[in-house]
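Please read the structure below before turning to the comments.
There are 2 protein chains.
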Amino acid sequence: MSASALPYRPHNHDTCVSDALADAREICQQKNVRLTATRERVLELIWQSHKPLGAYDVLAELASEGHNAAPPTVYRALDFLQQHGLVHRIASLNAFTGCAHTGEKHTGMFLICRACGNVLELTDTHVSTAIHNAADAEAFRVENITLEVSGLCPRCLAEKNHE
Amino acid sequence: MSASALPYRPHNHDTCVSDALADAREICQQKNVRLTATRERVLELIWQSHKPLGAYDVLAELASEGHNAAPPTVYRALDFLQQHGLVHRIASLNAFTGCAHTGEKHTGMFLICRACGNVLELTDTHVSTAIHNAADAEAFRVENITLEVSGLCPRCLAEKNHE
DNA sequence: TTGCGAATGTTATAATGTTGCAAACCTAGC
DNA sequence: GCTAGGTTTGCAACATTATAACATTCGCAA
Numbered sequence: 004m005s006a007s008a009l010p011y012r013p014h015n016h017d018t019c020v021s022d023a024l025a026d027a028r029e030i031c032q033q034k035n036v037r038l039t040a041t042r043e044r045v046l047e048l049i050w051q052s053h054k055p056l057g058a059y060d061v062l063a064e065l066a067s068e069g070h071n072a073a074p075p076t077v078y079r080a081l082d083f084l085q086q087h088g089l090v091h092r093i094a095s096l097n098a099f100t101g102c103a104h105t106g107e108k109h110t111g112m113f114l115i116c117r118a119c120g121n122v123l124e125l126t127d128t129h130v131s132t133a134i135h136n137a138a139d140a141e142a143f144r145v146e147n148i149t150l151e152v153s154g155l156c157p158r159c160l161a162e163k164n165h166e
Numbered sequence: 004m005s006a007s008a009l010p011y012r013p014h015n016h017d018t019c020v021s022d023a024l025a026d027a028r029e030i031c032q033q034k035n036v037r038l039t040a041t042r043e044r045v046l047e048l049i050w051q052s053h054k055p056l057g058a059y060d061v062l063a064e065l066a067s068e069g070h071n072a073a074p075p076t077v078y079r080a081l082d083f084l085q086q087h088g089l090v091h092r093i094a095s096l097n098a099f100t101g102c103a104h105t106g107e108k109h110t111g112m113f114l115i116c117r118a119c120g121n122v123l124e125l126t127d128t129h130v131s132t133a134i135h136n137a138a139d140a141e142a143f144r145v146e147n148i149t150l151e152v153s154g155l156c157p158r159c160l161a162e163k164n165h166e
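Chains as they are written, first to last, in the numbering used here: chain L, 4 to 166; chain U, 4 to 166.
Dropping the structure here:
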């Protein structure tokens with residue numbers, strides 16, 4: 004099983020977070036853009052679990068920490084993080100999740116468990132190729148792909164079968 | 004080129020609408036569910052073009068026709084139409100589009116032109132298979148697939164190149 | 001140290017979607 | 001016909017998600 008399956012297995016999540024933050028710092032430095040305190044904190048909050056977080060969830064967290072935040076604060080931070088490939092927006096949930104493949108050029112494919120809410124980000128060449136082929140057949144120029152699969156993750160599936 | 008490419012080509016759109024309505028009537032009769040006046044009118048409005056329509060756009064249309072409508076009216080009609088496979092919701096646009104493959108079991112793949120706004124619905128076995136394979140590899144049970152590709156349709160691409 | 005662009009604060013508002021309850025309406029069975 | 005029950009709609013209020021516009025502050029460089 005690949006490392007990408009982490010969300011659905013017990014794991015030391017702290018390393019997910021610290022890896023993501025380290026990645027982010029490096030990427031921002033390379034691009035010469037500023038990973039400000041707010042942006043970094045938002046990224047960290049998003050990474051607190053593998054369940055996507057809504058903008059207003061982030062906002063509430065910030066507020067509870069005494070941060071004087073309004074919606075634009077959060078949306079701006081999220082825009083920045085998205086722009087630099089550090090988080091993804093899950094359109095079907097209106098929520099955000101940490102990018103598990105920073106740096107790599109990838110077509111994020113998201114497996115979203117409707118029971119536990121965890122999201123697994125995959126990259127799959129066959130999927131990506133098939134989509135591009137289908138688009139090519141219609142002479143359509145692909146710029147962005149939203150691929151979100153909802154269903155049941157292995158753990159929740161197993162639980163369900165035990166009942 | 005297949006008939007599915009219609010949205011991006013000139014065509015007699017009235018037949019799209021009347022075909023969709025005829026389809027809908029038949030499907031509802033077969034399922035023994037009621038395609039009420041409101042539901043039918045909403046479906047017709049959605050089909051007025053190949054550009055997805057927001058719920059509040061539909062609402063505005065209904066209101067302008069003197070229909071005494073509130074948001075729930077529209078959302079309920081849309082829920083019904085979705086439930087019976089007559090329209091699709093495009094998550095990345097918060098909008099709705101007529102289903103071009105009623106009846107067929109299909110993984111809707113949507114090509115959304117960011118320039119003209121038209122949407123083409125495709126069914127592609129390879130794409131569908133690749134997605135299921137990728138999910139299977141993670142022991143994930145697929146229930147629903149959201150696949151929305153944004154970019155430029157052939158017509159807008161051609162126009163752009165002329166400039 | 002001052003000037004400039006980037007980032008944030010602040011207020012208000014827009015856009016999208018839902019809840020809950022009451023009234024109207026079909027339709028099956030008498 | 002009529003009436004009982006479920007389905008559909010009307011309606012008011014509200015919840016959630018996202019953006020606009022403008023003032024202020026911050027960080028860096030000339």
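No residue lacks a Cβ here, since even glycine has one placed at the ideal position from N, Cα and C.
Just grab the DSSP bridge partners of residue i for me.
i	result
G120(U)	G120(U) pairs with nothing; no bridge assigned.
S153(U)	N147(L) and I115(U)
T132(L)	Answer by DSSP bridge pairing: none, since T132(L) is not bridged.
I93(U)	A98(U)
L3(U)	Within the shown structure, residues of chain U are numbered from 4 to 166, placing residue 3(U) beyond reach of any answer.
L56(L)	F99(L)
Check the C-beta distance from residue i over to residue j and give it rounded, since I have them as a contact under 8 Å.
i	j	result
V122(U)	I134(L)	Contact doesn't hold; Cβ gap of about 16 Å is too wide.
F99(U)	L56(U)	6 Å
R42(L)	L84(L)	6 Å
Only counting the same chain, and skipping five residues up and downstream in sequence, which positions put a Cβ closer than 6 Å to that of residue i?
i	result
S5(U)	Bear in mind that a pLDDT of 47 at S5(U), under 50, signals an unreliable position, so the model cannot answer this.
S131(U)	T110
R117(U)	S153
P157(U)	Y11
A138(U)	V145
V20(U)	W50
V77(L)	A58, V61 and L62
E64(L)	L48
I'd like the list of long-range same chain contacts for residue i, defined as Cβ closer than 8 Å, with 5 residues on each side in sequence excluded.
i	result
A94(L)	T149 and E151
A66(U)	A72
K163(U)	A118 and L155
Do residue i and residue j have their C-beta atoms within less than 8 Å of each other?
i	j	result
C119(U)	C159(U)	yes
G154(L)	R79(U)	no
A58(U)	P75(U)	no
V61(L)	I49(L)	yes
N136(U)	H129(L)	yes
Which residues in the same chain have their Cβ closer than 7 Å to the Cβ of residue i, if we skip the five residues on either side of it in sequence?
i	result
D127(L)	M112
L38(L)	A27, R28 and C31
R92(L)	Q85 and F99
L81(U)	V45, A58, V90 and F99
H53(U)	P10, N121 and V122
T18(U)	none
Of all the options the options, which has the alpha carbon lying nearest to the alpha carbon of residue i?
i	options	result
L89(L)	E162(L), S67(L) and E47(L)	E47(L)
G106(L)	S52(L), Q33(L) and N136(L)	Q33(L)
H87(L)	N97(L), P157(L), A23(L) and Q51(L)	A23(L)
N15(U)	V77(U), Q51(U), L96(U) and A138(U)	Q51(U)
E68(L)	H165(L), V45(L) and D17(L)	V45(L)
A161(U)	A40(L), K108(L), A142(L) and N97(L)	A142(L)
E146(U)	K163(U), N164(U), K108(U) and N97(U)	K108(U)
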